[in-house]
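*Asks:* Before I ask anything, here is the structure I am working with.
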Amino acid sequence: MELKYLIFFFALVFGVPLGIFLGCKFPWFSQAMVFFVVFSTVMPDTTAINFVSREFYFTMTKGFEISLADLGALVLLGIMLVQKETYGINRVPPMGWCILAVFAVGFFSWLQAPSFISVPTPAQEHPFFIPYDKFETGLYPLFELSKVLRGFLLFFVLAWYVRRPENLETLLFAIAAATIYIGFLALYDRYVLHFHRIKATLQHPNSLATYMAMVGTFNFAGLLTSRGRLRTGLYLLAVGLSGVTVLMTISRGGLAALALGFLLCLAMLIWQNFTTKNIALILVGLIGAVFALGQAMDSLLDRFVGEQDASSDIEYRMYYNNQAKLMAADRFFGVGLGNFSAFSWDEYAARVEPDNPAGTPAHNVWFLQMGETGYIGLALFALMWLRFFSLAVPLALWRMRGPVQAAAVAALACALVLHVQANVQLSYRQTPIYLMSVICFGVISGLAMTWKDQRSREAV
């Protein structure tokens, strides 16, 4: 662990300035840095360190996380600021103020949160054992707020970076390469280590399913619009591995999300890309999907029918949502980002259903946001997503063409895929998935600026 900290500080002090110098001198270095950033977002245990870590507390962000992805984003930002004429950085990208508004309400929720609340006896006697007598409710929100700031840095960098078509293509290749890496790692976990439900580099099989459904959507859009054997082969491999990986997680929501992403991309892109290649790939893909489902049917039936009852599972999760309603009703700015678990133990679980286990955050991102930042926080969170869709839908449907349209369609479909899982899982708050949503924000905001500038030039 000490070596990891030394590497981080060395990279911060020496690596970032060196990276900026190399990126300004060699254009290929910026492209390599994009690959580095994307890979770093999906390997948090390897590439990230936690300061002031609180591993025993039930929240998705357990410390002040800093990763090599953040350092890579700083390098890219430095390159673009030095070459400002090339990138044309002159304003906050679309969606930027909405993201900052969500941060601001989270900041106010932290200000009104108590510094500590006592850990009740049942929590201290919990099977997972909470080894302290006070919840640090003045600290946990800062973990989440630091992650929002990290996301804003990545968003700002990518929004300006993808305005150049060749840079957008580099980002799509990086996502495909990361997908292939995670896919092979998942195969290793299943067939070498013999794990039943795999999670690869993420915290939980459902999280892996969400992530692979999101990146699989990006890769499928790239596959439909690809030209040339090398690109087609790369995207085809990435799509296949994403599908197989989601199957190996045995996640109901993951399968539904992946199917939704593929169908959305197909519906929006096939009419412009109705080629022999795509028809053949779709037919082969359908045959492969039927074969894979047949091979995995026993595991799927055990998971979907034998292990869990969907209706009781949904009813069980409604207890957490009802706690969120009480939190928002009691506190104007909610209980504070990351504080759901502590306040659930403190009083809200008992008020909703004394026999229901306390301490578990709401599994629906909308209710979680409402409980932790209040109704005003929920409204601003909804405004951020409405802003995204108001930009993404026109770009995907009629404003963009070719590979650029594929990126817009992929980002739009990817966000919808995320929401399939975010309504039933804690996926949105987990760092790799959160940063993947930030990548979608950056792609759409960058394309929106490109389209607006094109319209301005045409009007002159």
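Heads up: the sequence shown runs through residues 20 to 479, numbered per the working numbering. All C-beta atoms in this analysis are idealised placements derived from N, C-alpha and C, irrespective of residue type, glycine included.
#1: Report yes or no: do the stretch 67 to 84 and the stretch 155 to 163 share at least 3 C-beta pairs separated by less than 8 Å?
#2: Please work out which residues of its chain come closer than 6 Å, Cβ to Cβ, to Phe-351, disregarding the five sequence neighbours upstream and downstream, and give them in chain order.
#3: Determine the direct distance from the alpha carbon of Leu-305 to that of Asn-297, and round the result to whole angstroms.
#4: Please classify Val-439 as buried or exposed, where buried requires at least 16 other C-beta atoms within 10 Å of its C-beta.
#5: Looking only at C-alpha atoms, which of Phe-48, Pro-184, Thr-80, Met-52 sits nearest to Pro-63?
#6: Tell me, which residues are paired with Glu-84 by DSSP?
#7: When you compare only the Cα positions, how much space is there between Leu-253 and Met-403?
#8: For His-213, count the other beta carbons within 10 Å of its own beta carbon; 16 or more makes it buried, fewer makes it exposed. Which is it?
#9: Which stretch, first to last residue, makes up the alpha helix (DSSP H) that contains Pro-46?
#10: Please work out which residues of its chain come closer than 7 Å, Cβ to Cβ, to Ile-199, disregarding the five sequence neighbours upstream and downstream, and give them in chain order.
#11: Taking Val-211 as part of the alpha helix (DSSP H), name the residues at either end of that continuous run.
#12: Looking at Gln-444 and Leu-221, is the spacing between their C-beta atoms short of 9 Å?
#13: Would you give the residue range spanned by the alpha helix (DSSP H) that Trp-385 belongs to?
#14: Straight-line CA distance for Gln-176 to Ser-165?
#15: Please state whether DSSP places Ile-306 in a helix, a strand or coil.
#16: Quick one: Cα of Lys-357 to Cα of Leu-454, how far?
#17: Would you tell me roughly how many angstroms separate the C-alpha atoms of Leu-277 and Phe-237, rounded to the nearest one?
#18: Out of curiosity, what's the CA-to-CA distance linking Val-303 and Ala-51?
#19: Just to confirm my understanding: we take Leu-172, look at its own chain, exclude 5 residues before and 5 after, and list those with CB closer than 8 Å. What are they?
#20: Would you mind sorting Glu-185 into buried or exposed? The rule is 16 or more other CB atoms within 10 Å of its CB.
#21: Buried or exposed: which applies to Gln-541, given that a residue is buried once 16 or more other Cβ atoms fall within 10 Å of its Cβ?
#22: Examine the ligand MG and report whether any of its heavy atoms sits within less than 8 Å of the Cβ of Asn-340.
#23: Should Ala-299 go down as buried or exposed, given a rule of 16 or more other Cβ atoms within 10 Å for buried?
#24: Tell me whether Ala-441 is buried or exposed, calling it buried when 16 or more other Cβ atoms sit within 10 Å of its Cβ.
#25: Please confirm whether Thr-264 and Met-233 have their CB atoms less than 9 Å apart.
*Replies:* With the structure as the only source:
#1: Contact between the stretch 67 to 84 and the stretch 155 to 163 is present, with at least three C-beta pairs closer than 8 Å.
#2: Excluding the 5 residues flanking it on each side, Phe-351 has same chain C-beta neighbours closer than 6 Å at Gly-393, in chain order.
#3: Near 12 Å, if we compare the C-alpha coordinates of Leu-305 and Asn-297.
#4: Classification of Val-439: buried, given that the 10 Å Cβ count is 16 or more.
#5: Minimum Cα distance to Pro-63 is reached at Thr-80.
#6: Secondary-structure assignment with DSSP links Glu-84 through a beta bridge to Asn-69.
#7: Each residue's Cα considered, the two are about 33 Å apart.
#8: When all chains shown are included, His-213 counts as exposed.
#9: In this chain, the alpha helix (DSSP H) harbouring Pro-46 covers 46 to 60.
#10: Leaving aside the five residues that flank Ile-199 on each side, the residues in its chain whose CB is nearer than 7 Å to its CB run, in chain order, Leu-256, Ala-257, Leu-260.
#11: Segment: none, Val-211 is in no alpha helix (DSSP H) and carries neither H nor E.
#12: Their beta carbons are not under 9 Å apart, which means Leu-221 does not touch Gln-444 by this criterion.
#13: Its alpha helix (DSSP H) spans residues 384 to 413.
#14: According to the sequence provided, residue 176 is Val. The question's Gln does not apply to it. Roughly 17 Å between the two C-alpha positions.
#15: In this structure, Ile-306 counts as helix in the three-state DSSP scheme.
#16: Residue identity differs from the one stated: residue 357 is Gly in this sequence, not Lys. If I take the Cα positions, the gap works out to 17 Å.
#17: Taking the straight line from one Cα to the other gives about 11 Å.
#18: The alpha-carbon separation between Val-303 and Ala-51 amounts to approximately 33 Å.
#19: So the list reads Asp-89, Ala-92, Leu-93, Leu-96, once near-sequence residues are dropped.
#20: Counting other Cβ atoms within 10 Å of its Cβ, Glu-185 stays below 16 and is therefore classed as exposed.
#21: One cannot answer for residue 541 here, as it falls past the ends of the chain, which runs 20 to 479.
#22: Summarising the ligand content, the structure contains no ligands, and the ligand MG is consequently not present.
#23: That one is exposed.
#24: It counts as buried.
#25: Contact: no.
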